[in-house]
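To keep things clear, I will list the structure first and then write my remarks on it.
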Amino acid sequence: MDIASIRRDYQRAALDETHVDRDPFVQFRKWMDEALQSQVDEPTAIALATADADGAPSVRMVLLKGIDERGFSFFTDYRSRKGRELTENPRAEFCIHWKELERQVRVAGTVEKLSVLESARYFASRPIESCLGAWASLQSSVLGHRKELEDRLEETRQRFGDKVPHPPHWGGFRILPARIEFWQGRPSRLHDRLCYRRLENRWEVVRLSP
Ligand SMILES: Cc1cc2nc3c(=O)[nH]c(=O)nc-3n(C[C@H](O)[C@H](O)[C@H](O)COP(=O)(O)O)c2cc1C
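Following the working numbering, the numbering of the sequence shown begins with 10 at its first residue and continues without gaps.
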């Protein structure tokens with residue numbers, strides 16, 4: 010199969026300046042709700058891009074866990090590669106693709122850590138196995154063998170039983186957006202792209218070439 014010959018024309022919908030909300034958070038929620046209603050697979054999975062202090066990029070999937078008027082949040086191990094990169098260079102962009110709706114959104118901005126209270130609250134809502142894993146795995150570090158991880162998980166289980174405290178090395182980050190771009194696929198690659206940019210105390214919307 011020649012992958013160069015794979016192409017698809019996008020026909021489902023259009024994106025028009027007169028129909029989008031002036032507030033990109035409202036617009037994002039509207040598209041997220043439509044993705045949830047359409048039963049899109051993994052509707053909250055985002056590709057999160059970070060960079061180290063030299064600007065070398067890295068990208069991985071994480072799950073979006075919160076959206077409010079401040080920004081977009083996700084949770085991770087602060088000692089991981091992304092955690093270290095966001096500490097030394099607190100800027101990020103994520104891309105979310107709802108392929109069944111022929112839509113993508115890109116969100117870029119500065120990043121802050123969630124408060125310990127916010128992280129602890131979310132941690133307490135996770136299944137116990139995920140909580141144990143957060144103690145047992147030093148995310149992004151090299152493992153000699155899978156068994157090391159499994160042994161550490163068992164030790165963690167012995168140590169905490171069914172009351173797993175919130176680890177200080179684990180928590181959330183919030184992206185405070187400066188730019189949010191909504192993309193709707195259109196026929197013949199003439200896609201619609203509306204990009205919100207944050208000014209002093211309002212958002213400006215511009216249309217970008219596809
Ligand atoms: C769909 C999906 C969702 C994921 N969600 C998370 C997440 O919410 N938090 C997280 O730390 N890793 C998540 N991962 C694992 C990351 O992609 C990645 O392997 C891990 O965070 C280590 O990345 P890093 O070494 O760049 O820090 C997810 C992976 C996939 C495929």
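Glycine is no exception: its CB is placed at the ideal position from the N, C-alpha and C atoms.
### Query
Using a Cβ-Cβ distance under 9 Å, would L141 count as near chain B?
Given the protein chain composition of this structure (a single chain), no chain B is represented.
### Exposed unless 16 or more other CB atoms sit within 10 angstroms - verdict on T27
Taking the sequence shown and counting its residues from 1, one reaches residue 27 at position 18. With fewer than 16 Cβ atoms within 10 Å of its Cβ, T27 is classed as exposed.
### Task
Grab the span of the alpha helix (DSSP H) containing S128 for me, first residue to last.
Mapped onto the sequence shown, residue 128 falls at position 119. Element bounds for S128: V125 to A133.
#### Entry: Where D32 sits in the DSSP three-state scheme
Here residue 32 refers to the residue found at position 23 of the sequence shown. In this structure, D32 counts as coil in the three-state DSSP scheme.
### Message
For Y205, list the residues DSSP reports as bridge partners.
### Response
Your numbering for residue 205 matches position 196 in the sequence shown. BP columns for Y205 point to I189 and V214.
#### Entry: Run of the beta strand (DSSP E) containing Q113, from where it starts to where it stops
The sequence position of residue 113 within the sequence shown is 104, counting from 1. From DSSP, the beta strand (DSSP E) with Q113 extends over R112 to K122.
### Message
On the criterion of 16 or more Cβ atoms from any shown chain inside 10 Å, does D32 qualify as buried, or is it exposed?
### Response
Translated into positions along the sequence shown, residue 32 becomes position 23. Flag for D32 reads exposed.
### Message
Quick check: what's the CA-CA separation for E121 versus F191?
### Response
Here residue 121 is taken as the residue at index 112 of the sequence shown, counted from 1. Here residue 191 is taken as the residue at index 182 of the sequence shown, counted from 1. Answer to the nearest angstrom: the Cα atoms are 23 Å apart.
### Query
Near ligand 1, which residues have their beta-carbon closer than 5 Å to a heavy atom?
Ordered along the chain, the selected set is A54, R69, M70, V71, L72, T85, S89, R90, K91 and S149.
### Query
Is F81 near L72, with beta carbons less than 9 Å apart?
Counting from 1 along the sequence shown, the entry for residue 81 is found at position 72. Counting from 1 along the sequence shown, the entry for residue 72 is found at position 63. The Cβ atoms of F81 and L72 lie no closer than 9 Å to each other.
### Task
Confirm, please, whether the CB-CB distance from T119 to L185 is below 9 Å.
In the sequence shown, counting from the first residue as 1, residue 185 sits at position 176. In the sequence shown, counting from the first residue as 1, residue 119 sits at position 110. Yes; because the gap between Cβ atoms is below 9 Å, this pair is in contact.
#### Entry: C-beta atoms of T53 and K91 nearer than 9 Å
Here residue 53 is taken as the residue at index 44 of the sequence shown, counted from 1. Here residue 91 is taken as the residue at index 82 of the sequence shown, counted from 1. Result no, Cβ atoms of T53 and K91 do not sit closer than 9 Å.
#### Entry: Inter-residue Cα distance where the pair is P219 and R17
The count along the sequence shown starts at 1 and reaches residue 219 at position 210. The count along the sequence shown starts at 1 and reaches residue 17 at position 8. Answer to the nearest angstrom: the Cα atoms are 16 Å apart.
### Query
Leaving out the 5 sequence neighbours to the left and right, which residues in its chain are closer than 6 Å to A143 when beta-carbon positions are compared?
Position 134 of the sequence shown, counted from the first residue, corresponds to residue 143. Contacts found: P176 and W179.
### Query
Which word fits S128, buried or exposed, when buried means at least 16 other C-beta atoms lie within 10 angstroms of its C-beta?
As a position in the sequence shown, residue 128 is number 119, starting the count at 1. Buried, since its Cβ has 16 or more Cβ neighbours within 10 Å.
### Message
Could you tell me the alpha carbon to alpha carbon distance between W212 and F37, rounded to whole angstroms?
### Response
The residue labelled residue 212 in the question sits at position 203 within the sequence shown. The residue labelled residue 37 in the question sits at position 28 within the sequence shown. When rounded, the distance between both Cα atoms is 14 Å.
### Message
Can you give me the C-alpha to C-alpha distance between P196 and Q113, rounded to a whole angstrom?
### Response
Within the sequence shown, residue 196 is the residue found at index 187, counting from 1. Within the sequence shown, residue 113 is the residue found at index 104, counting from 1. Straight-line Cα distance between these residues: approximately 15 Å.
### Query
With contact counted as at least three CB pairs below 8 Å, one residue from each stretch, are the segment 158-178 and the segment 98-105 in contact?
Using a Cβ-Cβ distance cut-off of 8 Å, the segment 158-178 and the segment 98-105 are not in contact, since fewer than three pairs of beta carbons, one from each stretch, lie closer than that value.
### Task
Identify whether A13 lies in helix, strand or coil by the three-state DSSP scheme.
Taking the first residue of the sequence shown as position 1, residue 13 is located at position 4. A13 falls in the helix class under three-state DSSP.
### Query
If we count the other Cβ atoms within 10 Å of its Cβ and call it buried at 16 or more, is D50 buried or exposed?
Translated into positions along the sequence shown, residue 50 becomes position 41. Exposed: under 16 other Cβ atoms inside 10 Å.
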